[in-house]
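A.B. asks: Residue numbers (this note's numbering): 3 to 299.
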């Protein structure tokens, strides 16, 4: 999987000319998740082979090797593959206008309106304002849905912000975004370590140390994502902490279901059924939402 992800990143880097910590983002790829192409069901999974910049790719590759490989050696490739893909189904990349201060924020918005005013007249425009001085343009063209994303990134260069979430979860909670990256799968692997400790605590050495390590790594990264989302004012990549939580929830529940339990006890059987119920309920709700929501693109 790491080789495939590295190969796709290399291909799009060459094709799009250049690379930086937060790009390129191949928004026209047949693998990227797009809300206007949700009937192309492979996009719900295969967006994981794309990444928004070398920093995003590097973090995911490191976690997949350092965290996923030890789990795979104990529980086997099939079980860990199921956990990883469950997390991918539950990880968003949206292109928004961002700025580092209020004056620049207002300037960017005014420029975009001046440049696109005539185009907006014939299209549906939705503006979502947040306390972090960001404005997200979710516009659908009458003839070419999603074209607004391209227009924004071209009109205001270097003001594109990228954040990361998960396809089924994103399709319910943020219906206007494009998705890339394997962050959901990565956090599923981290949470699977927690599931492994819960199932086999009495049969492993230094179980408490593993729990502390998982907590420190996950807390540090989620803490950075929360800070970057709400407190940081610099332009650049912004990582959604909600995506981490959805991927982790999938990894924990599926991990409790499929990982090997070397000494099963009664309370662990109860955990199994609870995990099955939680994951099944969330997945069924997300699928039905996509099928029956009349307002969805």
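Even glycine gets a Cβ: it sits at the ideal position worked out from N, Cα and C.
#1: Buried or exposed for residue 92, please, with buried defined as at least 16 other CB atoms from any protein chain shown within 10 angstroms of its CB.
#2: Looking at C-alpha atoms only, which residue of 196, 262, 250 is the closest neighbour of residue 186?
#3: Counting C-beta neighbours from all protein chains within 10 Å, is the total for residue 205 16 or more, i.e. buried, or is it exposed?
#4: Consult DSSP for residue 265 and reduce its assignment to one of helix, strand or coil.
#5: Tell me the rounded alpha-carbon separation between residue 88 and residue 253.
#6: With distances taken from CA atoms, which of 32, 11, 248 is nearest residue 86?
#7: Excluding sequence positions up to five away, which residues of its chain have a Cβ less than 6 Å from the Cβ of residue 262?
#8: Is there contact here, the region 207-222 with the region 267-283, by at least three beta-carbon pairs under 8 Å?
#9: Which word fits residue 17, buried or exposed, when buried means at least 16 other C-beta atoms lie within 10 angstroms of its C-beta?
#10: Starting from residue 74, follow the alpha helix (DSSP H) in both directions and report where the run begins and ends.
#11: Taking residue 48 as part of the alpha helix (DSSP H), name the residues at either end of that continuous run.
#12: If you reduce the DSSP assignment to three classes, tell me which class residue 208 lands in.
#13: In three-state terms, what does DSSP make of residue 55?
#14: Expressed to the nearest angstrom, what Euclidean distance is found between the alpha-carbon atoms of residue 272 and residue 55?
#15: In terms of alpha-carbon separation, which member of 63, 255, 21, 9 lies closest to residue 274?
#16: Find the nearest neighbour of residue 44 within the set 7, 32, 84, judged by alpha-carbon distance.
#17: Beta carbon of residue 289, beta carbon of residue 184: below 8 Å?
#18: Would residue 70 and residue 191 be called neighbours here (beta carbons separated by less than 8 Å)?
#19: Taking residue 64 and residue 23 to be in contact with their CB atoms under 8 Å, please state how far apart those CB atoms are, rounded to whole angstroms.
#20: Below 8 Å CB to CB, which residues in the same chain sit around residue 48 once its five sequence neighbours on both sides are set aside?
#21: Taking all protein chains shown into account, do 16 or more other C-beta atoms lie within 10 angstroms of the C-beta of residue 67, making it buried, or fewer, making it exposed?
#22: Please state whether the Cβ-Cβ distance between residue 52 and residue 28 is less than 8 Å.
#23: Starting from the C-beta of residue 193, find all residues in its chain whose C-beta is less than 6 Å away, skip the five residues before and the five after it, and write them out in chain order.
#24: Considering Cα atoms alone, identify which of 50, 209, 286, 284 is closest to residue 11.
#25: State buried or exposed for residue 6, treating a residue as buried only when at least 16 other CB atoms are found within 10 Å of its CB.
C.D. replies: The relevant details are as follows:
#1: As a first step, residue 92 is located in the chain shown; it is residue number 90 there, counting from the start. Buried is the call here.
#2: Counting from 1 along the chain shown, the entry for residue 186 is found at position 184. Distances from the CA of residue 186 to each of 196, 262, 250 were compared; the closest alpha carbon is that of 250.
#3: On the chain shown, residue 205 is found 203 positions in, with the first residue counted as 1. By the Cβ neighbour-count rule, residue 205 is exposed, with fewer than 16 other Cβ atoms within 10 Å of its own.
#4: For the purposes of this step, residue 265 is identified with residue 263 of the chain shown, where counting begins at 1. Three-state result, residue 265: coil.
#5: For this step, residue 88 is matched to residue 86 along the chain shown. For this step, residue 253 is matched to residue 251 along the chain shown. Whole-angstrom Cα-Cα distance: 7 Å.
#6: For the purposes of this step, residue 86 is taken as residue 84 along the chain shown, with counting starting at 1. Nearest option by C-alpha distance: 248.
#7: Counting from one through the chain shown, the residue named residue 262 turns up at place 260. Excluding positions up to five away in sequence, the list reads 77.
#8: Touching, no, given that fewer than three Cβ pairs across the two stretches are closer than 8 Å.
#9: Counting from 1 along the chain shown, the entry for residue 17 is found at position 15. Looking at its Cβ environment, which holds fewer than 16 other Cβ atoms inside 10 Å, residue 17 is exposed.
#10: Counting from 1 along the chain shown, the entry for residue 74 is found at position 72. Residues 71-77.
#11: Locating residue 48 in the chain shown gives position 46, counting from the first residue. Per DSSP, residue 48 is one residue of the alpha helix (DSSP H) stretching across 45-48.
#12: For the purposes of this step, residue 208 is identified with residue 206 of the chain shown, where counting begins at 1. Coil at residue 208, not helix or strand.
#13: Indexing the chain shown from 1 puts residue 55 at position 53. In this structure, residue 55 counts as coil in the three-state DSSP scheme.
#14: As a first step, residue 272 is located in the chain shown; it is residue number 270 there, counting from the start. As a first step, residue 55 is located in the chain shown; it is residue number 53 there, counting from the start. If I take the Cα positions, the gap works out to 42 Å.
#15: Position 272 of the chain shown, counting from 1, holds the residue named residue 274. The shortest C-alpha separation from residue 274 is found at 255.
#16: Here residue 44 refers to the residue found at position 42 when the chain shown is read from its first residue. Considering only 7, 32, 84, the residue with the shortest C-alpha distance to residue 44 is 32.
#17: Within the chain shown, the letter at position 287 stands for residue 289. Within the chain shown, the letter at position 182 stands for residue 184. In this structure, residue 184 does not lie closer than 8 Å to residue 289 by Cβ.
#18: Taking the chain shown and counting its residues from 1, one reaches residue 70 at position 68. Taking the chain shown and counting its residues from 1, one reaches residue 191 at position 189. Taking 8 Å as the Cβ cut-off, residue 70 and residue 191 qualify as a contacting pair.
#19: Working through the chain shown from its first residue, we reach residue 64 at position 62. Working through the chain shown from its first residue, we reach residue 23 at position 21. The C-beta distance from residue 64 to residue 23 rounds to 15 Å, too long to meet the 8 Å contact threshold.
#20: As a position in the chain shown, residue 48 is number 46, starting the count at 1. Excluding sequence neighbours, residue 48 sits near 33.
#21: Along the chain shown, read from residue 1 onward, the residue named residue 67 stands at position 65. With fewer than 16 other Cβ atoms from the protein chains shown falling within 10 Å of its own Cβ, residue 67 counts as exposed.
#22: As a first step, residue 52 is located in the chain shown; it is residue number 50 there, counting from the start. As a first step, residue 28 is located in the chain shown; it is residue number 26 there, counting from the start. The Cβ atoms of residue 52 and residue 28 sit closer than 8 Å to each other.
#23: As a first step, residue 193 must be located in the chain shown, where it is residue number 191. Closer than 6 Å at Cβ, skipping near neighbours: 250, 253, 254.
#24: As a position in the chain shown, residue 11 is number 9, starting the count at 1. From the listed residues 50, 209, 286, 284, the smallest Cα separation to residue 11 is found for 50.
#25: Reading the chain shown from its first residue, position 4 is the one you call residue 6. Taking all protein chains in view, the Cβ of residue 6 is surrounded by fewer than 16 other Cβ atoms within 10 Å, so the residue is classified as exposed.
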